[in-house]
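Chains as they are written, first to last, in our numbering: chain A, 9 to 199; chain B, 9 to 199. We put the beta carbon where it would ideally sit given N, CA and C, even for glycine.
Protein chains: 2
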Amino acid sequence: MNDAQHVRPWPLLARESGPDLLICRVRYDTLSNPRTGAQLRRTVLETPQWCNVVAFTPQRRLVVVRQFRFGSSSITTEIPGGVVDRGEEHGAAARRELREEAGYTSSDWRYLGCVEPNPAFHDNLCHHWLALDAQPTHAQELDPGEDIAIATLSVDEVRAAIWSGEIRHALVLTALSRVLDLRPANGHLPS
Amino acid sequence: MNDAQHVRPWPLLARESGPDLLICRVRYDTLSNPRTGAQLRRTVLETPQWCNVVAFTPQRRLVVVRQFRFGSSSITTEIPGGVVDRGEEHGAAARRELREEAGYTSSDWRYLGCVEPNPAFHDNLCHHWLALDAQPTHAQELDPGEDIAIATLSVDEVRAAIWSGEIRHALVLTALSRVLDLRPANGHLPS
């Protein structure tokens with residue numbers, strides 16, 4: 009059985025640009041497997057940083073957005089979020105997305121850390137932010153490519169929506185897992 | 009402000025195949041925004057189903073794998089998992105991945121539900137499985153494109169690895185959030 013210390017970075021032998029998919033740009037890397045010496049060509053999706061926002065109202069209700077998603081071909085329930093623009097700080101992007109998508113603002117922001125959406129082929133991070141005392145202060149600013157409805161859910165409703173599968177976007181769940189215990193009542197690890 | 013009931017599915021006007029990226033296949037959908045009537049072309053990545061496994065040994069240690077990841081260009085700590093083969097049931101894929109990547113097997117499997125890795129452009133699900141009493145019974149079966157080391161972590165070590173950022177693959181975290189409370193000690197929502 010392999011030992012953790014034996015895993016080494018793979019030397020990069022060649023790099024080739026692929027098509028621009030708008031949401032990301034394709035790159036092909038040729039690498040050498042240090043265990044076998046085999047050369048492999050792997051797809052990397054060069055992807056901008058993402059952010060999303062766990063925003064709670066003063067009544068402890070979570071701000072959620074509902075929209076038709078093109079990947080799943082379904083209407084999803086998510087938290088506000090999106091792409092960090094080039095040159096933009098991810099905290100500024102989080103504030104912008106909460107305001108544009110939901111019309112909410114907050115003066116109490118806390119960073120919840122970041123995750124890798126999928127390090128197997130994405131090179132980006134998703135930054136999670138917490139906004140407390142979020143208030144509906146602005147009109148939504150939707151671009152022609154968006155149609156987003158807003159709602160708020162109590163913490164119990166959030167948990168129920170997760171357990172029912174209504175909320176199942178992985179990056180929404182990783183953000184929520186930093187402020188809520190997401191285990192179902194029967195989901196505790198047997199002792 | 010929009011009402012949840014006002015969000016409707018977007019009519020599909022045209023569909024065009026794009027390049028095969030091996031990890032997924034590109035598709036371009038042209039849709040009509042029901043709010044504005046605008047026509048938009050969107051990228052969808054047709055992606056096979058994925059699965060991963062939260063495997064605990066009889067000593068309540070989590071089985072983790074370490075490998076160089078091409079997207080992040082870094083060595084990650086994750087749980088075993090991978091692609092569900094065409095025609096394969098995701099439970100069978102989970103058992104296969106635990107055995108092939110880590111050499112562990114279990115006779116106590118429980119389904120933890122699924123998440124959407126990213127419904128904005130992926131059309132797939134990631135299925136989470138829990139394996140209890142997992143034991144190292146087999147040799148690893150690595151293909152030429154893999155170099156994977158195995159380790160086990162106590163629950164406290166898992167939490168520390170999440171909070172330090174050592175474990176930060178989103179789909180690993182969504183699986184773990186179904187059996188562990190992942191909030192940091194200071195991460196509880198203010199009351």
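For residue i, collect the residues of the same chain with a Cβ closer than 7 Å to its Cβ; drop the 5 residues on either side in sequence, then sort them by chain order.
i: B/Leu20; result: Asp37, Leu39
i: A/Val52; result: Arg35, Asp37, Phe129, Asp131
i: A/Cys32; result: Leu53, Glu54, Thr55
i: B/Asn41; result: Trp18, Leu48
i: A/Gln25; result: It should be pointed out that residue 25 of chain A corresponds to Ser in this sequence rather than to Gln. Cβ neighbours of A/Ser25 beyond the five flanking positions: Arg35.
i: B/Ala22; result: Thr38
i: A/Leu140; result: Phe64, Ser114, Asp116
i: B/Gly57; result: With the sequence shown as reference, residue 57 of chain B is identified as Gln, and Gly is not the correct amino acid for it. Excluding sequence neighbours, B/Gln57 sits near Val92, His98, Asn132, Leu133, His135.
Once the 5 residues before and after residue i are set aside, which same chain residues still bring their CB inside 6 Å of it?
i: A/Gly111; result: Pro144, His146, Ala147, Gln148
i: A/Ala101; result: Cys59, Val92
i: B/Val123; result: Cys134, Thr182
i: A/Arg107; result: Thr113, His146
i: A/Glu109; result: Val73, Pro88, Ile156
i: A/Asn194; result: none
Taking 8 Å as the cut-off, decide whether the C-beta atoms of residue i and residue j are in contact.
i: B/Asn126; j: B/Ile87; result: no
i: B/Thr44; j: B/Ile175; result: no
i: A/Thr65; j: A/Thr160; result: yes
i: A/Leu179; j: B/Ala168; result: no
i: A/Gly173; j: B/Gly95; result: no
i: B/Tyr119; j: B/Gly90; result: no
i: B/Arg68; j: B/Val166; result: no
i: B/Pro27; j: A/Pro192; result: no
i: A/Ile1; j: A/Val71; result: Missing from the structure shown is residue 1 of chain A; chain A here goes from 9 to 199 and no further.
I think residue i touches residue j, with their Cβ atoms under 8 Å apart; what is that distance to the nearest whole Å?
i: A/Ser185; j: B/Leu190; result: 5 Å
i: B/Asp155; j: A/Val15; result: 6 Å
i: A/Val187; j: A/Val62; result: 6 Å
i: B/Ala76; j: A/Arg50; result: A small correction: the amino acid at residue 76 of chain B is Phe; Ala does not occupy that position in the sequence shown. About 10 Å separates the two Cβ atoms, so there is no contact after all.
For residue i, collect the residues of the same chain with a Cβ closer than 8 Å to its Cβ; drop the 5 residues on either side in sequence, then sort them by chain order.
i: A/Glu105; result: Cys59, Asn60, Val61, Pro88, Gly89, Gly90
i: B/Asp11; result: Residue placement at B/Asp11 cannot be trusted, given a pLDDT of 47 that sits under 50; the coordinates are not used to answer.
i: B/Leu29; result: Leu53
i: B/Ser82; result: Phe76
Whole runs of the alpha helix (DSSP H) within the stretch 112-184 of chain B, excluding any shorter than 4 residues
163-172, 178-184
Residues of the stretch 36-52 of chain B whose Cβ lies closer than 8 Å to any Cβ of chain A, in chain order
Asp37, Leu39, Asn41, Pro42, Arg43, Thr44, Ala46, Leu48, Arg50, Thr51, Val52
Where are the alpha helix (DSSP H) runs, 4 residues long or more, that stay fully inside the stretch 9-95 of chain A, in chain order?
none
For the stretch 104-126 of chain B, enumerate the residues whose C-beta is nearer than 8 Å to any C-beta of chain A, in chain order.
Gly111, Leu120, Gly121, Cys122, Val123, Glu124, Pro125, Asn126
Positions along the stretch 124-144 of chain B whose CB lies within less than 9 Å of some CB in chain A:
Glu124, Pro125, Asn126, Pro127, Ala128, Phe129, His130, Asp131, Asn132, Leu133, Cys134, Leu138, Leu140, Pro144
The stretch 14-27 of chain A: positions lying closer than 9 Å to chain B by Cβ:
His14, Val15, Arg16, Pro17, Trp18, Leu20, Gly26, Pro27
Between the stretch 67-84 of chain A and chain B, which residues of the former have a C-beta closer than 8 Å to a C-beta of the latter?
Arg68, Arg74, Gln75, Phe76, Arg77, Phe78, Gly79, Ser80, Ser81, Ser82, Ile83, Thr84
Residues of the stretch 150-166 of chain A whose Cβ lies closer than 7 Å to any Cβ of chain B, in chain order:
Pro152, Gly153, Asp155, Ile156, Ala157, Ile158, Ala159
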